[in-house]
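Enquirer: Chains as they are written, first to last, in this note's numbering: chain A, 4 to 127; chain B, -8 to 575.
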Amino acid sequence: MKKNLILLVDDERDFVNTLAERMAIRGLETRVAYDGESALQMIQDETFAAMVLDLRMPGIDGLEVLREVGRTHPQISVIVLTGHGSEKDREKCESLGAFAYLNKPVNIKDLASLLKKAQEAGGK
Amino acid sequence: MVKDGFFSRFRPRFWDYKLGAQPYQPLFNYARIWILSVALLSAVCLVPLSVLFVVDFQLSQQAIESEVTLRTVRLASNTRRTLTYFIDERQAALRFIVEESKFEALVDPVHIKEMLRNLKVGFGGFVDVGVLLPSGQQVAYSGPFDLRGRDYGDKDWFKKTMQNGVYISDVFLGYRNSPHMIIAVKGRRPDNKSFILRGTLDIKRLIDIITGMELSENCDAFVINRQGVLQTPSRFYGDILERIDMPVPEYSEHTRAFETTDSKGNKILVGYAYIADSPYILEIVRMQDEVMNIWDSLRADLIWFFLGSFLVIFLVICGISTYMVNKVFYADQTRLRTLHRMEHTNRLASIGRLAAGVAHEINNPLAVINEKAGLIKDIFLFRHEYKEDSRVMEPIDVIISSVERCGAITKQLLGFARHLEVEVQHVHLGELVKEVLNFLKKESEYRNIEQVVDITEDVPCIYTDRGKLQQVFINLINNAYQAVDREGRIVVRARPDEDPDWVDIRVEDTGCGIAPEDIKKIFEPFFSTKKKSGGTGLGLSITYGLVKKLGGMVYVHSEPGQGTVFNIKLPIDMEGDVNEGSSG
């Protein structure tokens, strides 16, 4: 059960909490982090299968988190979900091993199905 | 009208360039610079030329006049010498006879006849000689007439000879009724009684001397006595022994010349000389017309040369000034165009940055709205009592779909901003055109304009700057939109070109078309037929510049009232063609 945990990282609290709630309705168990620092802390404490990550955050930003996750926890599938995406960001994230790259606002069905795929991929 | 048309053909473009009509000011007032340049160059070139001309004109006039005067004086002087010599020689001959011969021998009829013959042979001109006693009686005579014994005692010449010892008479007719002159010399016999030897000279020799001068047609030479009676015939002023109607010039030892007007009103130059020891005055008259003729032709030459060089210099000055000012003007125009283009590019770039910023910032709250609305929807879906209630579900769906639309708009804005960056990439023409047409979708729906995209499958992807190409399409399609009325048609076509390395793109509209006289100017910066409705006149010139940068070419065909076709030819690989394109 624990191994299917999903970490949601975004400094927009309203967004990330609501998203967690909607994932719960869809039967996905999630944890929430409001900045990069706590996100990195949480992946030390628990085992996650997937992560939804915003790029622009105070302190340690999304790219930094992505790089760190790729280094220390490569088994976690990271889905980048950002409102600031440029073509360059997309390329960079893909080169850093992101599982997917989505722009806000996102269709919940797309995200949920993608997360399920990510869980399966990240669980191994 | 003619004048207007004539001048407008030569009027340089800067002449009508108005200050203050543009957002950027030109560096100079060109018309004023031109006028200043022409004025200054004219002042330093034409003023000295004019001064030189005037001075030379006067000097030449004086030189010619004094030359003519000098020539006349010289002629008079030479002729006087000849005349003086002629008279002196004969006078000396008589003097010699008086001194050398004995009186007895002189009165001998045989001897005197011999003497006349010798005089005729030796000197010529003598007609007769006679010897007179102090009483006036002629005691010896040789000549064609029988004058021996005639008494001259009461004659003026006889008295003067007795008094002065020598006498030279005026020309007169005398008893013989043919013009002649007398030279008389007083001699002294050994018994201290005096006698007079008189020779008569034919005036013909005198006339021969004058006519021998071979004067030009406007010249006259003659001899008068001190009463102004002609001693030789004159060409203009009467025959021998007539009186000339000109005053007798005042006495002068040397030859002189003066200007005057004769009784016929001709301006004349008179050179004269008093013949010494005689009553004769030599006069040479030169019509001023002749003098003037020489001066006139020279003056005409001078004036033509002056006017010609004046005109040539002035034209060259105007030409050089126009050329230089034009150069500066066009350089300045290029500067202004660059400024405009830079401003436009900057404006586009900042619009792009602004759009990107707004899009980014809006995406986050949009995401929140999306999730909150989604959550409500989720909750309602799980609670079956609301599931079927359209009053609840419909607003939520509308919120979610609106958020999706907003998301699409921000995505487009970001895409637009991103393409402003310079980068060469593979571009699919069909997608690019659809993306541009999407911006104008609403407008086309309002105005019922039909958009047709006709891009065949065989049009290859081209390797070019996507942002610039997008800008080209935005400008051309916008232009087409402004040209067409309601229910018009805009067609974007693309085909592979005959040259496999190029594609052929056409943007066609069924709009108002372009007037033939404007068609050459439409790519010029600031040319706009829509100035009143806010056109900058930059759109098509920027388009032109962009297509050139992409290594391509733009053509335009238009039928007023039928529509316009913009034809762009683009290389498939911009970088492969960049050198060729920029050199062309």
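Ideal Cβ positions, reconstructed from N, Cα and C, are used throughout, including at glycine. All values reported here derive from a predicted model rather than from experimental measurement.
Establish whether the CB of A:F102 and some CB of chain B are separated by less than 7 Å.
Expert: Not an interface residue.
Enquirer: If you pair each beta-carbon of the stretch 144 to 156 of chain B with each one of the stretch 125 to 132 of chain B, do three or more pairs fall below 8 Å?
Expert: Yes, they touch.
Enquirer: Cβ closer than 7 Å: which chain B residues qualify as neighbours of A:R25?
Expert: Correct list: E362, G365, L366 and D369.
Enquirer: Tell me whether B:Y166 is buried or exposed, calling it buried when 16 or more other Cβ atoms sit within 10 Å of its Cβ.
Expert: Exposed is the call here.
Enquirer: Give the DSSP-derived three-state secondary structure of B:V316 in the structure shown.
Expert: If DSSP states are grouped into helix, strand and coil, B:V316 belongs with the helices.
Enquirer: Under the three-state reduction of DSSP, which class applies to B:G525: helix, strand or coil?
Expert: Confidence at B:G525 is low in this model, with a pLDDT of 49, below 50, so the placement of that residue is unreliable and no value is reported for it.
Enquirer: If you measure between the beta carbons of B:T313 and B:V64, is that distance less than 7 Å?
Expert: Going by C-beta atoms, B:T313 is not nearer than 7 Å to B:V64.
Enquirer: Along the chain, where does the beta strand (DSSP E) containing B:M278 start, and where does it finish?
Expert: Counting along the chain, the beta strand (DSSP E) containing B:M278 begins and ends at Y271 to M278.
Enquirer: Just curious, the alpha helix (DSSP H) that B:F213 is in, first and last residue?
Expert: That residue, B:F213, is in no alpha helix (DSSP H); its beta strand (DSSP E) goes C210 to N216.
Enquirer: In whole angstroms, give me the CA-to-CA distance for B:I360 and B:V394.
Expert: So the two alpha carbons sit approximately 8 Å from each other.
Enquirer: Examine chain B for any beta-carbon lying closer than 7 Å to the beta-carbon of A:P108, and answer yes or no.
Expert: Output row for A:P108: interface = yes.
Enquirer: Helix, strand or coil for B:G552? Go by DSSP, reduced to three states.
Expert: Coil, per DSSP.
Enquirer: Can you name the residues that DSSP bridges to B:W493?
Expert: B:W493 pairs with B:P562.
Enquirer: I want to verify the contact list: residues of chain B whose CB lies under 7 Å from the CB of A:G62, in sequence order.
Expert: Neighbours of A:G62 on chain B: none; closest Cβ ~17 Å, over 7 Å.
Enquirer: Report the option in B:E426, B:R180, B:V444 and B:A347 whose CA atom is closest to the CA atom of A:E90.
Expert: Checking every option, the nearest Cα to that of A:E90 belongs to B:A347.
Enquirer: Looking only at DSSP bridge pairs, what is A:I9 linked to?
Expert: BP columns for A:I9 point to A:T33 and A:A53.
Enquirer: Looking at the structure shown, is B:T447 part of a helix, part of a strand, or coil, going by DSSP?
Expert: B:T447 falls in the coil class under three-state DSSP.
Enquirer: Give me the subset of the stretch 72 to 104 of chain A whose CB atoms are less than 7 Å from a CB atom of chain E, sorted by chain position.
Expert: This model lacks chain E altogether, as its protein chains are A and B.
Enquirer: On the CB-based measure, 16 or more other CB atoms within 10 Å of its CB, does B:H375 come out buried or exposed?
Expert: It counts as exposed.
Enquirer: Taking all protein chains shown into account, decide if A:R25 is buried (16 or more other Cβ within 10 angstroms of its Cβ) or exposed.
Expert: The residue in question, A:R25, is buried, as its Cβ has 16 or more Cβ neighbours within 10 Å.
Enquirer: Once you ignore the five residues that flank A:E67 on each side, which residues in its own chain have a CB closer than 7 Å to its CB?
Expert: Once the five neighbours on either side are set aside, the close Cβ partners of A:E67 are G39.
Enquirer: Look up B:R65 in the DSSP assignment and say whether it is helix, strand or coil.
Expert: Of the three classes helix, strand and coil, the one that applies to B:R65 here is helix, per DSSP.
Enquirer: Taking the C-alpha atoms as reference points, what is the distance between B:E515 and B:G554?
Expert: Straight-line Cα distance between these residues: approximately 20 Å.
Enquirer: Counting only the same chain and skipping the five closest in sequence on each side, list residues whose C-beta sits under 8 Å from that of B:M106.
Expert: Excluding positions up to five away in sequence, the list reads I88, S92, L97, V120 and S133.
Enquirer: Please go through the same chain and pick out, in chain order, the residues whose beta-carbon is closer than 6 Å to the beta-carbon of B:E499, but skip the five residues on each side of it.
Expert: Closer than 6 Å at the Cβ level, and outside the excluded window around B:E499, lie V482 and V556.
Enquirer: According to DSSP, B:L188 sits in a beta bridge with which residue or residues?
Expert: DSSP output for B:L188 lists B:V122 and B:V176 as bridge partner(s).
Enquirer: Classify B:Q514 as helix, strand or coil using the three-state DSSP reduction.
Expert: The sequence given here places Phe at residue 514 of chain B; Gln does not occur at that position. The answer is coil: DSSP assigns B:F514 none of H, G, I, E or B.
Enquirer: Could you give the DSSP three-state label for B:Q462: helix, strand or coil?
Expert: Helix at B:Q462.
Enquirer: Got a sec? Which residues, its chain only, sit under 6 Å from A:T33 by beta carbon, not counting five neighbours each side?
Expert: So the list reads I9, L11, A23 and M26, once near-sequence residues are dropped.
Enquirer: Classify A:A36: buried if its beta carbon has 16 or more other beta carbons within 10 angstroms, exposed otherwise.
Expert: So A:A36 ends up on the buried side.
Enquirer: Which chain B residues are close to A:I9, counting only those with a beta carbon under 8 Å from its beta carbon?
Expert: Ordered by position in chain B, no residue passes the 8 Å Cβ test against A:I9, which lies about 15 Å from the chain.
Enquirer: Taking the DSSP output, what are the residues bridged to B:G262?
Expert: Answer is B:A248 and B:I275, bridged to B:G262.
Enquirer: Mark B:V(-7) as exposed unless 16 or more other C-beta atoms lie within 10 angstroms of its C-beta, in which case mark it buried.
Expert: Because B:V(-7) sits at a pLDDT of 41, beneath the cut-off of 50, its placement in the model cannot be relied upon, and the following sentence gives the value as read from the coordinates. B:V(-7) comes out exposed.
Enquirer: Give the C-beta separation of B:V239 and B:V261 to the nearest angstrom, bearing in mind that I take them to be a contact with Cβ-Cβ under 8 Å.
Expert: 11 Å between Cβ atoms; not a contact.
Enquirer: Could you spell out the range, first to last residue, of the beta strand (DSSP E) harbouring A:E81?
Expert: Residue identity differs from the one stated: residue 81 of chain A is Val in this sequence, not Glu. Run containing A:V81: S80 to T85, per the beta strand (DSSP E) assignment.
Enquirer: Starting from B:R485, trace the beta strand (DSSP E) in both directions and tell me its first and last residue.
Expert: Residue identity check: residue 485 of chain B is Ala in the sequence provided, not Arg. Taken as a continuous stretch (DSSP letters only), the beta strand (DSSP E) holding B:A485 covers R480 to P487.
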